[in-house]
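Read the structure below first, then the notes.
Numbering (the working numbering), first residue to last: 528 to 1090.
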């Protein structure tokens, strides 16, 4: 591609604006950048009036990128490259022009989750010198700085505490390895053992939920007003008055009981997670895992959509005129989970993305393929038939969420408490292991490659709190608590079976199944509904979809342990 750089001219404005909107929309599909073009116009006008410069890049198709910088301040305000020119060298040419114009150094701000940009700036010699929040969006940002190296030496400004490191996943600090906040909220992730990490995540979730309970109890909070208005509409004798949400201390007690039940299950310290976290895996073994776990990522999100359909205005809730509103609140919570899985979301008409941007949203599947890029797995090697254990887990999730053999409450528990609470913990274990292997193998793995795991650690905590709250609206007694625990037990047993088969596939070694360990009685299933519907569901899956499908369909073996 032949590219020419030149100074910006007024005639370039429309093309520059269109490029900026297209590029940023590809980077953050949740924001309507077309609606923010007025802000860009004001920025360009004011910057040029104050002596800043814009350099544009042109190729055979027109404007391919631009950079806006202030020579006097040594500040880079904006850089954008048309998506068609990603990887073509345009960004490097533009940043090079800005560096030459600012030979004493160049500083900039960047969103801390813009992993593609962070990797680019690292390669261009920028180092982190600060952190904060964007005053307009409120999003976390990093301040990066480039300085020309002194004659014959390296850049003298690097310190272990403040740097966009040679490996952006970890850095040395006080004699130990730490991870930046853009990768994981626990800086000491790599200094913990698996049990310590589980305990840290459990404690964090407890704090977050108890803060939410305190927020509900505060008369000035939005949540308090929402539920107070709901309760005010309930006539005397309506069972809504008796739910945990409206009994002092009951909601916190319910959460702590259910949270302890879920997070004490042996699946979260499965030998697979522990072995990977400790770095006892080869790069080839991670590649095998990546390909086969991808089938779980591909299929699990439809379960939430299935669960949404179980809640509607005609369902048999006991709250009379409030049935529809409580059903709707439940749908809203689940819909946000689905929106995050698909990389879309809008809360106002002005924020709704154009159809082209909507259909190009970066889903978790797209993010997972970034992981393949980091592992060096070509597109033709990224998809495979499901292992039987993975297929059983996918089917179990779908059946709990959508099959009439299970109640709407069980469906809600399966996609919320059973699915969301443990994910941040075991994805943290996987993240830690990937970082260790990358450091050992000198693999150029970046936060961009691991974005799907980073996102699950960040957002699934919020999902878990949201779904726990709406689940409490549907729980009225001990039988409901047992039903929720039973649904969680079913899902966790299925996940344990999946990880056991992955262990055997990845490491070529035996691994105890759930039935082979001393499983506590509280985690054993009290009925065999899932066994019946799972064996029936197997018969409906095409042979080419599952490895060894014929034997799998004929097998009476399931991952569950019954009382």
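Just so it is clear, CB atoms sit at the ideal spot from N, CA and C, and this is done for glycine as well. Being a predicted model, the structure only gives us computed values, none of them experimental.
Nearest-angstrom beta carbon gap, residue j and residue i [assumed within contact, 8 Å]
{"i": "residue 849", "j": "residue 760", "result": "6 Å"}
{"i": "residue 637", "j": "residue 648", "result": "7 Å"}
{"i": "residue 580", "j": "residue 598", "result": "6 Å"}
{"i": "residue 853", "j": "residue 844", "result": "6 Å"}
{"i": "residue 918", "j": "residue 1068", "result": "7 Å"}
{"i": "residue 754", "j": "residue 995", "result": "At roughly 14 Å, the Cβ-Cβ gap does not stay under 8 Å, so residue 754 and residue 995 are not in contact."}
{"i": "residue 752", "j": "residue 786", "result": "No, residue 752 and residue 786 are not in contact; Cβ-Cβ is about 26 Å, not under 8 Å."}
{"i": "residue 790", "j": "residue 949", "result": "7 Å"}
{"i": "residue 984", "j": "residue 951", "result": "5 Å"}
{"i": "residue 1088", "j": "residue 1046", "result": "5 Å"}
{"i": "residue 632", "j": "residue 674", "result": "4 Å"}
{"i": "residue 1015", "j": "residue 926", "result": "Going by Cβ atoms, the distance from residue 1015 to residue 926 rounds to 14 Å, so no, they are not a contact pair."}
{"i": "residue 541", "j": "residue 582", "result": "Not a contact, Cβ separation roughly 18 Å."}
{"i": "residue 908", "j": "residue 818", "result": "7 Å"}
{"i": "residue 864", "j": "residue 1023", "result": "With 8 Å as the limit, residue 864 and residue 1023 do not qualify as a contact, their Cβ atoms being about 23 Å apart."}
{"i": "residue 993", "j": "residue 771", "result": "Actually they do not touch by this definition, with Cβ atoms about 16 Å apart."}
Sequence-distant residues of its chain with Cβ nearer than 7 Å to residue i (five each side left out)
{"i": "residue 803", "result": "956, 957 and 960"}
{"i": "residue 808", "result": "802, 960 and 964"}
{"i": "residue 1027", "result": "916, 1038 and 1040"}
{"i": "residue 550", "result": "607, 608, 609 and 610"}
{"i": "residue 894", "result": "978, 979 and 982"}
{"i": "residue 766", "result": "845, 846 and 1003"}
{"i": "residue 1075", "result": "915"}
{"i": "residue 660", "result": "666, 667 and 668"}
{"i": "residue 679", "result": "For residue 679, the pLDDT reaches just 46, beneath the cut-off of 50, and the residue's location in the model is therefore unreliable, leaving the point undetermined."}
{"i": "residue 591", "result": "530, 584, 585, 608, 609, 612 and 617"}
{"i": "residue 567", "result": "544 and 547"}
{"i": "residue 640", "result": "709"}
{"i": "residue 911", "result": "818 and 819"}
Same chain only: Cβ atoms within 8 Å of residue i, ignoring 5 sequence neighbours per side
{"i": "residue 928", "result": "830, 831, 833, 834, 837, 938, 941 and 942"}
{"i": "residue 614", "result": "none"}
{"i": "residue 646", "result": "695, 973, 974 and 975"}
{"i": "residue 921", "result": "822, 823, 826, 827 and 913"}
{"i": "residue 1030", "result": "797, 798, 799, 802, 1036 and 1038"}
{"i": "residue 1090", "result": "1048, 1051, 1052 and 1053"}
{"i": "residue 578", "result": "597, 598 and 599"}
{"i": "residue 717", "result": "697, 703, 704, 705, 706, 959, 962 and 963"}
In DSSP terms, what residue i is bridged to
{"i": "residue 655", "result": "671"}
{"i": "residue 534", "result": "582"}
{"i": "residue 607", "result": "593"}
{"i": "residue 660", "result": "667"}
{"i": "residue 1073", "result": "913"}
{"i": "residue 705", "result": "698"}
{"i": "residue 898", "result": "Answer is none; residue 898 lacks a bridge partner."}
{"i": "residue 1089", "result": "1052"}
Endpoints, alpha helix (DSSP H) assigned at residue i
{"i": "residue 698", "result": "That residue, residue 698, is in no alpha helix (DSSP H); its beta strand (DSSP E) goes 698-700."}
{"i": "residue 958", "result": "950-968"}
{"i": "residue 622", "result": "617-628"}
{"i": "residue 1132", "result": "The chain is shown only over 528 to 1090; residue 1132 falls outside these bounds and no answer can be derived."}
{"i": "residue 1015", "result": "1005-1034"}
{"i": "residue 947", "result": "944-947"}
{"i": "residue 543", "result": "540-554"}
{"i": "residue 574", "result": "564-576"}
{"i": "residue 600", "result": "Looking at the DSSP string, residue 600 is not in any alpha helix (DSSP H), and its letter there is neither H nor E."}
{"i": "residue 645", "result": "642-650"}
Same chain, Cβ closer than 6 Å to residue i, five either side skipped, listed in chain order
{"i": "residue 616", "result": "none"}
{"i": "residue 962", "result": "696 and 697"}
{"i": "residue 643", "result": "975"}
{"i": "residue 1065", "result": "1080"}
{"i": "residue 1011", "result": "940"}
{"i": "residue 901", "result": "972 and 976"}
{"i": "residue 743", "result": "750 and 751"}
{"i": "residue 1025", "result": "916, 917 and 920"}
{"i": "residue 896", "result": "none"}
{"i": "residue 851", "result": "840"}
{"i": "residue 946", "result": "none"}
Span of the beta strand (DSSP E) around residue i
{"i": "residue 484", "result": "Because the chain spans 528 through 1090 in this model, residue 484 falls outside it and cannot be assessed."}
Proximity test, residue i beta-carbon vs the ligand SAM heavy atom, cut-off 6 Å
{"i": "residue 1057", "result": "This structure does not include the ligand SAM; it has no bound ligands of any sort."}
Could you tell me which whole alpha helix (DSSP H) segments of length 4 or greater appear in the segment 760-842?
777-790, 798-804 and 810-835
Residue ranges of each alpha helix (DSSP H) run of no fewer than 4 residues wholly in the segment 720-748, ordered along the chain?
721-744
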